[in-house]
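Chains as they are written, first to last, in the working numbering: chain A, 1 to 357; chain B, 358 to 714; chain C, 715 to 1061; chain D, 1062 to 1408.
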Amino acid sequence: MEANGVKSKSRRADSADLSIGPHDTMEQRVSNMNTSSATLVEILRKMMLIRMFEEKIVDVYGVQDMKTPVHLSIGQEAIAVGVCENLETNDYVFTTHRSHGHGLAKGADPGKLYAEFYGRIDGYCKGKGGSMHLSVPEVGIHGTSAIVGGGIPLAVGTALASSMRGDERVSVSFFGDGAVDEGVFHESLNFAALKKLPVVFVCENNFYAVSSPISARQPHDDIARRAEGYNIPGFRLDGNDAIAVYHAAGQAVKRARNKEGPTLLECRTYRWKGHVGPDCDYENGCRPRFELDDWMDRCPIEILKKSLVRTGIMNGIQIQALVGEIHGQLNSALEWAKRSPYPNKSDVFKDVFFKGK
Amino acid sequence: MEANGVKSKSRRADSADLSIGPHDTMEQRVSNMNTSSATLVEILRKMMLIRMFEEKIVDVYGVQDMKTPVHLSIGQEAIAVGVCENLETNDYVFTTHRSHGHGLAKGADPGKLYAEFYGRIDGYCKGKGGSMHLSVPEVGIHGTSAIVGGGIPLAVGTALASSMRGDERVSVSFFGDGAVDEGVFHESLNFAALKKLPVVFVCENNFYAVSSPISARQPHDDIARRAEGYNIPGFRLDGNDAIAVYHAAGQAVKRARNKEGPTLLECRTYRWKGHVGPDCDYENGCRPRFELDDWMDRCPIEILKKSLVRTGIMNGIQIQALVGEIHGQLNSALEWAKRSPYPNKSDVFKDVFFKGK
Amino acid sequence: MPWTKIYTDKAEFDTTFSREGLRGITYREAVREALFQILQADERVFLMGEGVDDPGGIFGSTRGLSEKFGKERVMDIPIAENGLTGVAIGAAIAGMKPIFIHMRMDFLPMCMDQIVNHAAKWHYMSGGSVHVPLVIRSIIGRGWGSAAQHSQALQALFLHIPGLKVVMPGTPYDAKGLLFSAVQDGNPIMFIEHRWLYDYTGYVPEEPYSVPIGKGIVRREGRDVTLVALSHMIVEASKAALVLEKEGIDVEIIDPRTVTPMDTQLIIESVKKTGRLVIADVACRTGGVGAEIACRVAESAHSYLRSAVQRINFPDTPTPASPALEEVYYPDSNAIVAAVSSSVNGG
Amino acid sequence: MPWTKIYTDKAEFDTTFSREGLRGITYREAVREALFQILQADERVFLMGEGVDDPGGIFGSTRGLSEKFGKERVMDIPIAENGLTGVAIGAAIAGMKPIFIHMRMDFLPMCMDQIVNHAAKWHYMSGGSVHVPLVIRSIIGRGWGSAAQHSQALQALFLHIPGLKVVMPGTPYDAKGLLFSAVQDGNPIMFIEHRWLYDYTGYVPEEPYSVPIGKGIVRREGRDVTLVALSHMIVEASKAALVLEKEGIDVEIIDPRTVTPMDTQLIIESVKKTGRLVIADVACRTGGVGAEIACRVAESAHSYLRSAVQRINFPDTPTPASPALEEVYYPDSNAIVAAVSSSVNGG
Ligand SMILES: Cc1ncc(C[n+]2csc(CCOP(=O)(O)OP(=O)(O)O)c2C)c(N)n1
Ligand SMILES: Cc1ncc(C[n+]2csc(CCOP(=O)(O)OP(=O)(O)O)c2C)c(N)n1
Ligand SMILES: [Mg+2]
Ligand SMILES: [Mg+2]
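Here's what the structure looks like:
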């Protein structure tokens, strides 16, 4: 078995080799220079928030009172944040079963997320959705599907609405490499390309769908290359390089906002935890240990931290302070969530149908 | 509106410009030289058989006793014959709602086809299928779907069976440009490419799905280019040039038989009749008249006839004799079909479940 | 009442209601008029479907609309039912009101995932924070050898999925009125038409109006037996009632009009009166809407039932192509007469 | 009879049947053993499904099989349910015998087109000239906040489609025996398991055997009321019967085992004896399998029914995530006790 994303180090995207396909008309200059320090710090903070938010789940999950299937994105934080830092609050985001990072990056409240995971009334879905069906309309997340690929056409739909209304909103669809297997991926890209809709397709290629390697599902792992068939730009990115993602996504979002059509971004990354739950799946043989080790060496948060320290934007003390601050925030969020009551029994019968506003 | 396949004459495939995409490893030498006269005559005969078979339907349809929705392939005969002349009897073919040509090219009996269209017991499906659900297992047609795209994965499935069993059979999937819209197209090509299955995808791009032009459904009309995303060879062919199709399909079939994997052939052509029924749809404004005229000028049968005459392989008298012979054959077939009885009323309850052999 | 009746030909209508100044139009025209008025009144509404803008115009029901409202609001689309349903849901989530149109109900299995797993569940999963105002029109086909993949009636599938409303107008009046309600409802609505109703004429007011979703209607009052008829079966039921009248059997015809929510009360009240239940649907028998109706009666009015329940349906087979077999496949008023007679005289 | 009973824990089994030398294994193991023996006996059989070869092995039901039979016959596949179902159908048409495995029944709406429009109709449309020996295993999920898209039970959808057989084994014995029958049948079979049955133990012979498709079974004989229980509900029904016995109510439990074809006769005979009908299914109420059963009884044994029919189902809502709501959502033996009591004492 060829290890995913590991052996072929040279194929890892770097700033000089991000674009593929003959339709690369978009400028792809990844340079830290034209990003403000404040933005860089904010990107780091959000990535740390996501990481620590999920680490707390790992901590408490053993108690068995957070009864929801958690799909953790530890190791993939750069993509959620790199993309969402380019978005306005009312831009649409559709995510997947692995949604915590996208939710937090887009501005969801950690306490309400925890409450939802605990099945409480103060959760974003009043306990009806759990971890897989995030819905935070006030930050542009209008429900989440846990059906693989299910959310992709929805993002095309909100983009269609924006296009018909002539508003400036951009839609972003996050999905995994597994979703590329599905026909709906094709149908969505075809339609978005046809109508030149303001949507950005962000594929988080972590090389696995549950335990199925991409080599058991697709004839090649160059997901960006799929863009060619739709005559839209496709880019392969190092998904562990937050700044690279930030810049590439910035270009794609700009393109969408300028009504120039959709873009496909393939962000290559790796999930550190098992497909679902708080454990590591190399332990039961789902994936090779060395693959994980190699990717952990390239922790997206450590990479960014180092570069911020190296360039003098932050120092160790500031980072420590940030850690402390986030810890405090998340601890209160968790406590608040646990104090939230369960929904009433009769709530089960509510919300089947919209009754008007 | 840009007329489909008309204005851009230069884009029409010719022998020098058949392949696209970076994965063109297949030799694409279209030359009449290496085709035997007997084969060429047989190709012409089959094309005339299809044309005349369907013209007879046009003749009798007004009587309103052939109660089945007929989707005629007049104008598209070169593809069915060009492809099927490369196949063995037990090679698998899956076709569509527009199946008459493929059936005849693969060796189906005209009488049993007519009987099926008349809903008679001697029809290939004992009157249960009609025109849209051709089933002639003895020539490799194991049922037909009239769901757009529905037959594509079936061909991949028979190819999978061949590959698992290690037999030499090749599977061919015929489908229209409309089927390329469907997700199942993507899923099928992805899987066939992944497993390097012995299947040939033949897209009959006639630029319309019912009255919807390809420009209302796809971002570009270069269907062959879709192959790139799957890392398989894709070729654009002049679908009205039977010899070109014959040779290109020959290569694709050989590739499949040699277990080298699937090929996508886009055969550009035009349907002369309306989507369904015996009439011309330009009359009610579905398509522009000039488009049809232009394509009729390039009648696939006339083109082949002329070249056979020019090269001395046939003369006018021989062709006339062929016409007479086919007329005779089809007239008897039609008469035979009309004399076939209707199924028994109780037959409606039969064949729901297979009961063993 | 004029709005309860449909006429199999226009002349028949003309000799009755049009003399009273009532306007009669076909089912097809009723649908088109509703779409026209809805598109005109609410710019959030748009139509999407394969061929909505072509000269055929979905059996005439969208004819001329693209010329009037443009190809963006009357949008031809790729043949990609699942993805495009997702697109419609997304647009609906964003505040648009798409009407997705399928020429045959058989194409709905293509998009079951988006309908069943997404549209139907979105409001609930999001704890009520998002809703999906989406109307999905589909037409049940029949005849001319349409065969197994082009004549299915699949309302029972949607009946079983919480979060969907299922509407089956049987008259021009209801077609227009229910379409208005469907677009205003704010939930995913399966709006199911029948191709054989398209040419029937009935009274349809010119101005916009709505027929409430969830309310059935008594199409004919009667004492002896409750005949629940769905969609095109109300035509056959009406014919059967005339025959049965001559035999001295007084049939009460109930048209539920909407299948979800079902007007169970109306049916129960009728059965309490007549003591007999016959159900005629335009779909295969087993697991159909008729089963649910019968079960509800067995649950709530069991003690009133004086004879065995009867169902009139297509047999549990795919649809055959041959005209000789179609004849057997499709039950008509004779089958209803037989079932009602046996309900009254037998069991 | 040992094969009618399942045990909620192994120890209980050990104290009864294992003393008699009968082997007890879990439902999970029964499925796996059947697959093992089938793969070994017939080289045309192969398994396909997302994750069939991974260490988890579809909740253990395929564990170890890829090591034994290789990754071609125990084939991991792309997440492309519709296309891959088509591939399976194609392979079946060509004479292979694929078993397609879905970890959740919720993923079947993805492939409704290939199941409903293709597999189910292929034999009929082709006039009997081609058949599709395809088994589709799917597992109904439940609990731990699986929520709306990961806990559906959709057997009613398939019940309505002619050309499909629908099997719902409730015991380890039936799981193994019906899987053998399914693979031998030659038609498309929806083989529906329930996640909560996986850990239950029951008597399962080591050698291959088959349980006929279309034959229900009386799991407990009783005089007072016919309780039809499907899949996991037979566990709750058995519990309820013990409670009711103490109340002096003698319940007859019938497990149809296969939903299509349905063993209607067995149910009718029972109702003729008891005069009462209660149906417990693991799915939403409206349009469910229970409606069909009730309707058939109302058609064929109406005069024997002495009280109102009762259904135990999930409510007509999507599945909620919160444990507090799941508790309300899923009816248990208490709900059955209440329904049976009211059937006997009320109505
Ligand atoms: C249609 C469908 N099929 C199968 C599943 C089960 N499933 C849940 S997540 C998953 C893998 C998804 O992989 P990918 O898209 O790469 O996302 P990742 O988990 O790697 O983030 C699968 C198969 C599902 N949810 N939906
Ligand atoms: C899933 C599905 N959607 C819609 C239809 C209705 N329909 C029948 S043929 C057709 C057009 C097919 O176009 P194409 O694939 O290009 O084939 P052509 O008719 O041009 O040969 C459509 C939309 C269908 N049969 N199946
Ligand atoms: Mg992945
Ligand atoms: Mg076409």
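For each residue, glycine too, the CB sits at the ideal point set by N, CA and C.
Quiz item: Does Q218(A) come within less than 8 angstroms of chain B when only Cβ atoms are used?
Solution: Here residue 218(A) refers to the residue found at position 218 when the first sequence is read from its first residue. With 8 angstroms as the cut-off, Q218(A) counts as an interface residue toward chain B.
Quiz item: Which chain B residues are close to V184(A), counting only those with a beta carbon under 8 angstroms from its beta carbon?
Solution: Here the question's residue 184(A) lines up with position 184 in the first sequence. G540, listed in chain order.
Exercise. Could you name the residues of the same chain whose beta carbon sits closer than 8 angstroms to that of V60(A), not counting the 5 residues immediately before and after it, in chain order?
Key: The count along the first sequence starts at 1 and reaches residue 60(A) at position 60. If the five residues before and after V60(A) are omitted, its C-beta is found closer than 8 angstroms to the C-beta atoms of M66 and L334, all from its own chain and listed in chain order.
Quiz item: So, are the CB atoms of V245(A) and V200(A) less than 8 angstroms apart?
Solution: The residue labelled residue 245(A) in the question sits at position 245 within the first sequence. The residue labelled residue 200(A) in the question sits at position 200 within the first sequence. Contact: no.
Practice problem: Figure out for me which residue from V496(B), T396(B) and A549(B) has the closest Cα to the Cα of A516(B). | Solution: Counting from one through the second sequence, the residue named residue 516(B) turns up at place 159. Looking at the Cα atoms, A549(B) is the closest of the given residues.
Quiz item: Can you find a heavy atom of ligand 4 that lies under 7 angstroms from the Cβ of E347(A)?
Solution: Stepping through the first sequence from its first residue, residue 347(A) is reached at position 347. Reading off the sequence shown, one finds Asp at residue 347(A), where the question assumed Glu. D347(A): no, Cβ never under 7 angstroms from ligand 4.
Practice problem: Kindly provide the ranges of any alpha helix (DSSP H) runs that are 4 or more residues long and lie completely inside the region 504 to 581 of chain B, ordered along the chain. | Solution: 509 to 522 and 540 to 552
Practice problem: Tell me whether G1224(D) is buried or exposed, calling it buried when 16 or more other Cβ atoms sit within 10 Å of its Cβ. | Solution: For the purposes of this step, residue 1224(D) is taken as residue 163 along the fourth sequence, with counting starting at 1. The residue in question, G1224(D), is buried, as its Cβ has 16 or more Cβ neighbours within 10 Å.
Quiz item: Would a check of beta-carbon distances place A193(A) closer than 8 angstroms to chain B?
Solution: If you number the first sequence from 1, residue 193(A) lands on position 193. Yes, A193(A) counts as interfacial toward chain B.
Self-check item: Interface flag, S502(B) vs chain C, CB-CB below 8 angstroms
Solution: Position 145 of the second sequence, counted from the first residue, corresponds to residue 502(B). Yes, S502(B) lies at the interface with chain C (some Cβ there is under 8 angstroms from its Cβ).
Quiz prompt | Exposure of I674(B), with buried meaning 16 or more beta-carbon neighbours within 10 Å | solution = Sequence index remark: in the second sequence, residue 674(B) carries index 317 (1-based). By the neighbour-count rule (16 or more Cβ atoms within 10 Å), I674(B) is not buried but exposed.
Exercise. Under 8 angstroms by Cβ, that's how I've got V881(C) and L871(C) pegged, so tell me the actual separation to the nearest angstrom.
Key: One-based indexing of the third sequence puts residue 881(C) at position 167. One-based indexing of the third sequence puts residue 871(C) at position 157. Their Cβ separation, rounded to whole angstroms, is 15 angstroms, which puts V881(C) and L871(C) out of contact at 8 angstroms.
Self-check item: D347(A) - partner residues in DSSP beta bridges
Solution: The residue given as residue 347(A) occupies position 347 in the first sequence. Beta-bridge pairing links D347(A) to no other residue.
Quiz item: Can you round the beta-carbon distance between Y917(C) and G738(C) to whole angstroms, since I take them to be within the 8 angstroms contact cut?
Solution: Along the third sequence, read from residue 1 onward, the residue named residue 917(C) stands at position 203. Along the third sequence, read from residue 1 onward, the residue named residue 738(C) stands at position 24. Approximately 6 angstroms separates the beta-carbon atoms of Y917(C) and G738(C); this is inside 8 angstroms, confirming the contact.
Practice problem: Tell me, to the nearest whole angstrom, how far the beta carbon of E182(A) is from that of G149(A); I am working on the premise that it is less than 8 angstroms. | Solution: By 1-based counting over the first sequence, the position of residue 182(A) is 182. By 1-based counting over the first sequence, the position of residue 149(A) is 149. Right, the Cβ-Cβ distance comes to about 4 angstroms (below 8 angstroms), so this counts as a contact.
Quiz item: Does the beta carbon of Y639(B) fall short of 7 angstroms from some heavy atom of ligand 2?
Solution: Along the second sequence, read from residue 1 onward, the residue named residue 639(B) stands at position 282. Checking the Cβ of Y639(B) against ligand 2 gives no.
Quiz item: What in chain B is Cβ-close to N1143(D), meaning under 8 angstroms?
Solution: As a first step, residue 1143(D) must be located in the fourth sequence, where it is residue number 82. Per Cβ cutoff of 8 angstroms: P510, G540, V541 and E544.
Quiz item: Can you tell me whether DSSP reads C286(A) as helix, strand or coil?
Solution: Taking the first sequence and counting its residues from 1, the one referred to as residue 286(A) is at position 286. C286(A) falls in the coil class under three-state DSSP.
Exercise. Let me know the secondary structure DSSP gives E966(C) once reduced to three states.
Key: One-based indexing of the third sequence puts residue 966(C) at position 252. Here E966(C) sits in strand by DSSP.
Quiz item: What three-state label does DSSP hand C667(C) in the structure shown?
Solution: Residue numbering for chain C in the displayed model covers 715 to 1061; residue 667(C) lies beyond these limits and cannot be assessed.
Quiz prompt | Whole-number beta carbon distance between A1362(D) and E1006(C), since they are thought to touch under 8 angstroms | solution = Counted from its first residue, the third sequence places residue 1006(C) at position 292. Counted from its first residue, the fourth sequence places residue 1362(D) at position 301. That belief does not hold up - the Cβ atoms of E1006(C) and A1362(D) are roughly 19 angstroms apart, past 8 angstroms.
Practice problem: Pull up the distance between the alpha-carbon of A584(B) and that of N190(A), whole angstroms please. | Solution: Position 227 of the second sequence holds residue 584(B). Position 190 of the first sequence holds residue 190(A). Cα to Cα, A584(B) sits roughly 14 angstroms from N190(A).
Quiz item: Does the region 663 to 677 of chain B come within contact of the region 439 to 452 of chain B, defined as at least 3 CB pairs closer than 8 angstroms?
Solution: no
Exercise. Tell me, please, which residues DSSP counts as bridged to S852(C).
Key: Locating residue 852(C) in the third sequence gives position 138, counting from the first residue. S852(C) pairs with H816(C) and I906(C).
Quiz prompt | C-beta atoms of T1321(D) and L1220(D) nearer than 8 angstroms | solution = In the fourth sequence, counting from the first residue as 1, residue 1321(D) sits at position 260. In the fourth sequence, counting from the first residue as 1, residue 1220(D) sits at position 159. Yes, they are a contact pair.
Quiz item: Could one say the Cβ of F711(B) lies closer than 8 angstroms to chain D's Cβ atoms, at least one of them?
Solution: On the second sequence, position 354 is the one that residue 711(B) refers to. Cβ-Cβ to chain D under 8 angstroms: yes for F711(B).
Practice problem: Please classify I772(C): is it buried, with 16 or more other beta-carbons within 10 angstroms of its beta-carbon, or exposed? | Solution: Residue mapping note: residue 772(C) aligns to position 58 of the third sequence, counting from 1. I772(C) sits buried, since 16 or more C-beta atoms from the chains shown fall within 10 Å of its C-beta.
Exercise. Taking only beta-carbon positions, decide if N230(A) is within less than 8 angstroms of chain B.
Key: Working through the first sequence from its first residue, we reach residue 230(A) at position 230. In the sequence as displayed, the identity of residue 230(A) is Tyr instead of Asn. Y230(A) counts as touching chain B.
Practice problem: Can you grab the Cα-Cα spacing for the pair F353(A) / G1348(D), in whole Å? | Solution: Counting from 1 along the first sequence, the entry for residue 353(A) is found at position 353. Counting from 1 along the fourth sequence, the entry for residue 1348(D) is found at position 287. So the alpha carbons of these two residues sit roughly 18 angstroms apart.
Quiz item: If you run the structure through DSSP and keep just helix, strand and coil, what is L1126(D)?
Solution: Here the question's residue 1126(D) lines up with position 65 in the fourth sequence. Note: L1126(D) maps to helix in three-state DSSP.
Quiz item: By the criterion of Cβ-Cβ separation under 9 angstroms, what are the contact partners of S569(B) in chain C?
Solution: The sequence position of residue 569(B) within the second sequence is 212, counting from 1. At a beta-carbon threshold of 9 angstroms, the residues of chain C lying near S569(B) are E764, G765, D767, D768, D790, I791, P792 and I793, ordered along the chain.
Quiz item: Residues in the region 816 to 831 of chain C with C-beta within 9 angstroms of chain D's C-beta atoms, listed in sequence order?
Solution: The residues in question are D820, F821, L822, P823, M824, C825, M826, D827, Q828, I829, V830 and N831.
Exercise. Compare the C-beta of T25(A) with all C-beta atoms of chain B and state if any pair is closer than 8 angstroms.
Key: Numbered from 1 along the first sequence, position 25 holds the residue referred to as residue 25(A). With a pLDDT of 29 at T25(A), under the threshold of 50, the predicted position of this residue should be treated as unreliable, and no value is reported.
Self-check item: Three-way DSSP call (helix, strand, coil) for F1120(D) in this model
Solution: Numbered from 1 along the fourth sequence, position 59 holds the residue referred to as residue 1120(D). F1120(D) falls in the coil class under three-state DSSP.
Quiz item: For F647(B), is the classification buried or exposed, using 16 other Cβ atoms within 10 angstroms of its Cβ as the cut-off for buried?
Solution: Counting from 1 along the second sequence, the entry for residue 647(B) is found at position 290. Flag for F647(B) reads exposed.
Exercise. Take H142(A) and list the residues in its own chain whose beta-carbon comes closer than 7 angstroms to its own, dropping the five residues that flank it on each side.
Key: Here residue 142(A) refers to the residue found at position 142 when the first sequence is read from its first residue. For H142(A), where only same-chain residues beyond five positions count, the Cβ hits under 7 angstroms are Y92 and S135.
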